[in-house]
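**Student:** 1291 is the number of the first residue of the sequence shown in the working numbering; add one for each residue after it.
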Amino acid sequence: MKETLVATLCTLAIASSTTLSAQKLVAYYDFENTDLVSSHVGPNSASDISLSNPHVFWYEASTDDTLMCFDVQWLNDGDMTLTVTPAPGEKLNLTRFWWRSWKDRQTSPVTVNRAEVFVNEVSVATFDPLLPIALNVVDLSTMPGLQNTDQPVVFRVHFTGAMGGQTSYEISSVGVEAKTCIVNDSRNRVLDLYIPGQPFGWRILDGSSFCERGDGTATWIGAIENMSDPCKRFSLHIDFSGRVDFGDPNFPPMGSPELNLAITNELVENGGTIDLDTWHYYTSVSGQLIGKLCYEGAVIDVADPGVAAQVGHGASLTSLDVGLGVWLTTNLVTNTNDAQYTIPSVLGADGYGVFGDCECLGGVEAMWSNYGTGTAGCGGVPQLTLNHAPLTGTSIDIQVSNPSGMATNGALVWGLSTDNIFIPFLGGNLLVGPPIIIAFGFAMPAGGYVLPCNIPDSACQTLTRFYAQAIVIDQCVPFAMSPGIDIKVGDL
1291 MKETLVATLC TLAIASSTTL SAQKLVAYYD FENTDLVSSH VGPNSASDIS
1341 LSNPHVFWYE ASTDDTLMCF DVQWLNDGDM TLTVTPAPGE KLNLTRFWWR
1391 SWKDRQTSPV TVNRAEVFVN EVSVATFDPL LPIALNVVDL STMPGLQNTD
1441 QPVVFRVHFT GAMGGQTSYE ISSVGVEAKT CIVNDSRNRV LDLYIPGQPF
1491 GWRILDGSSF CERGDGTATW IGAIENMSDP CKRFSLHIDF SGRVDFGDPN
1541 FPPMGSPELN LAITNELVEN GGTIDLDTWH YYTSVSGQLI GKLCYEGAVI
1591 DVADPGVAAQ VGHGASLTSL DVGLGVWLTT NLVTNTNDAQ YTIPSVLGAD
1641 GYGVFGDCEC LGGVEAMWSN YGTGTAGCGG VPQLTLNHAP LTGTSIDIQV
1691 SNPSGMATNG ALVWGLSTDN IFIPFLGGNL LVGPPIIIAF GFAMPAGGYV
1741 LPCNIPDSAC QTLTRFYAQA IVIDQCVPFA MSPGIDIKVG DL
């Protein structure tokens, strides 16, 4: 009963030390949303678009496009303004702002030929010349203030052109995108990794992120575990480049799209809802799977086999929702440290990610290390260690060695900061600083003490950081004290 209570206190200590720096809710934004209002607001503004949906935005004034008209009155000078307001309690990690110009109807030999983009009234990009048929993209992924934000963000595009005359500059779609989570499909898996003699289904752990940037690249980061044995785990980091959108000369890439019968039956030409023109592709894919737990030491390189990765409604081939389909060749670079879990070979992998919501994003490396010197007792300094990295969704053993070899009693002190202050009563330096989360005693066997500690499968635990020190009653000094241990929870 006491051991169960102590383990519960350990889990509570981890939960209570969660920091506020973990990223909050994000979502994937498709390009078929019409939930917005357009109105003229004055002689110097061609269109002012207020967006009530904080995700992605699509506006259609006719059956196929939106007309932004610049006539003599406006002197071909006007603004398009979009305000993105996160929902209450929501934080967004913005990555791309874009609009697609469809064509340029000229009733006189003048045109809209320049656009300047402002974010919160700060100029961030200029398109000059502005092409009448183009996808215009601004990368938001590195801009300050646009990551993990719960504040409204105002995008303003200022269009200018030749004086006088009349021009219709047509925009077929406009969007703001953010990081999204990849979740398991209806089969509860996201990757088929073909290792001979082993179940090939792998599930993604909470908080896996997919970030599409404005420079035509994307990154998928997360952790996967075997559906039959969670001790078989990999950290996943895959990079995508060579984005191809509808309207690009090589759309779709050679050999794309990849379809199956279920998705083919749902295409618009077959009476369904999936429009392949809304998909986009990445022609180059490369990355690594890094082994964890029982697979520690294993490294698998992955790359595309000449088939483009695809993103869109139904692109995962396992769901009609927005998702990712990716096909990979594999190369086993190094094998596992534990011969019991040797990987014989890897014969390829297929990824079927569905985009969804998660409370927090992961992508954080789990780490632990010792600091300070501790205080020696009869047999030396007791050591405080972990049996493996503090990964989400696992149980770690916090191990206290007993160099005296005699049964005694001790205590673990947990805190949210480090310190190095001499405590006369203890006869040594306390290395854990305030606030002290919890301190509890334990019976120390001759062979040492092990405290199991469960870490939930929640990306909100990532970046949790706390410190601990063991204090042990000793016959030679008042107390033998371990070095401190710095524990940072992560999913990678």
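For every residue, glycine included, the Cβ atom is placed at its ideal position computed from N, Cα and C.
Using the three-state DSSP reduction, which class does D1591 fall into: helix, strand or coil?
**Tutor:** It is a strand residue.
**Student:** How many angstroms separate the CA atom of A1468 from the CA atom of F1730?
**Tutor:** Those two C-alpha atoms are separated by around 44 Å.
**Student:** Thinking just about the alpha-carbon of each residue, which of D1482, G1506 and P1376 is nearest to the one in D1429?
**Tutor:** Taking only the C-alpha atoms, the option nearest D1429 is G1506.
**Student:** What are the boundary residues of the alpha helix (DSSP H) that I1553 is part of?
**Tutor:** First-last of the alpha helix (DSSP H) with I1553: L1551 to T1554.
**Student:** Can you check DSSP and say which residues form a bridge with L1483?
**Tutor:** Answer by DSSP bridge pairing, in chain order: A1639.
**Student:** S1391 to A1405, Cα distance in whole Å?
**Tutor:** So the two alpha carbons sit approximately 12 Å from each other.
**Student:** Looking at C-alpha atoms only, which residue of A1552, K1582, V1601 and G1561 is the closest neighbour of D1567?
**Tutor:** It is V1601.
**Student:** Among the candidates F1490, I1528, P1489 and D1482, whose CA atom is the shortest distance from the CA of S1789?
**Tutor:** Lying outside 1291 to 1782, the shown extent of the chain, residue 1789 is not represented and no answer is given.
**Student:** Enumerate in chain order the residues of its own chain whose CB-to-CB distance from I1553 is below 6 Å, with the five nearest sequence positions on each side excluded.
**Tutor:** Around I1553: G1604 and L1607.
**Student:** Buried or exposed for F1417, please, with buried defined as at least 16 other CB atoms from any protein chain shown within 10 angstroms of its CB.
**Tutor:** The residue in question, F1417, is buried, as its Cβ has 16 or more Cβ neighbours within 10 Å.
**Student:** So, at 6 Å on beta carbons, what are the nonlocal neighbours of P1399 in its own chain, with the 5 sequence-adjacent residues on each side left out?
**Tutor:** Summary for P1399: the model assigns pLDDT 48, below 50, so the residue's position carries little reliability; its value from the coordinates is reported in the next sentence. Around P1399: no qualifying Cβ.
**Student:** Buried or exposed: which applies to V1623, given that a residue is buried once 16 or more other Cβ atoms fall within 10 Å of its Cβ?
**Tutor:** By the neighbour-count rule (16 or more Cβ atoms within 10 Å), V1623 is not buried but exposed.
**Student:** Taking the continuous beta strand (DSSP E) assigned at H1603, which residues delimit it?
**Tutor:** Here the beta strand (DSSP E) through H1603 covers A1599 to H1603.
**Student:** What does DSSP give as the partner residues of H1448 in its beta bridges?
**Tutor:** Beta-bridge pairing links H1448 to D1369 and E1406.
**Student:** Comparing alpha-carbon positions, which option in C1743, P1742 and L1702 lies nearest I1726?
**Tutor:** Answer by Cα proximity: L1702.
**Student:** Hey, G1738 and V1690: beta-carbon distance below 7 Å or not?
**Tutor:** Their beta carbons are under 7 Å apart, which means G1738 touches V1690 by this criterion.
**Student:** What does the Cβ neighbour count give for V1256, buried or exposed, with the cut at 16 atoms within 10 Å?
**Tutor:** In the structure displayed, the chain extends from 1291 to 1782; residue 1256 sits before or after that span and is not available.
**Student:** On a CA-only basis, which of L1526, N1410, Q1488 and S1525 is nearest D1519? Give me that one, please.
**Tutor:** Cα-wise, what sits closest to D1519 is Q1488.
**Student:** Is DSSP giving Y1585 helix, strand or coil here?
**Tutor:** Here Y1585 sits in coil by DSSP.
**Student:** Identify, in the order they occur along the chain, each residue of the same chain with its Cβ nearer than 7 Å to the Cβ of N1710, setting aside the five sequence neighbours on each side.
**Tutor:** Around N1710: G1662, N1719 and L1721.
**Student:** From what residue to what residue does the beta strand (DSSP E) around T1509 run?
**Tutor:** Start and end: A1508 to N1516.
**Student:** Does the Cβ of L1692 have 16 or more other Cβ atoms within 10 Å, making it buried, or fewer, making it exposed?
**Tutor:** Just to set this straight, residue 1692 is Asn in the shown sequence, not Leu. Flag for N1692 reads buried.
**Student:** Measuring alpha carbon to alpha carbon, tell me which residue in N1699, C1743, F1712 and A1758 is nearest F1732.
**Tutor:** Minimum Cα distance to F1732 is reached at N1699.
**Student:** Do the stretch 1531-1551 and the stretch 1588-1601 make contact, defined as three or more Cβ pairs closer than 8 Å?
**Tutor:** Segments in contact, yes.
**Student:** State the beta-bridge partners of N1627 as determined by DSSP.
**Tutor:** N1627 is not bridged to any residue.
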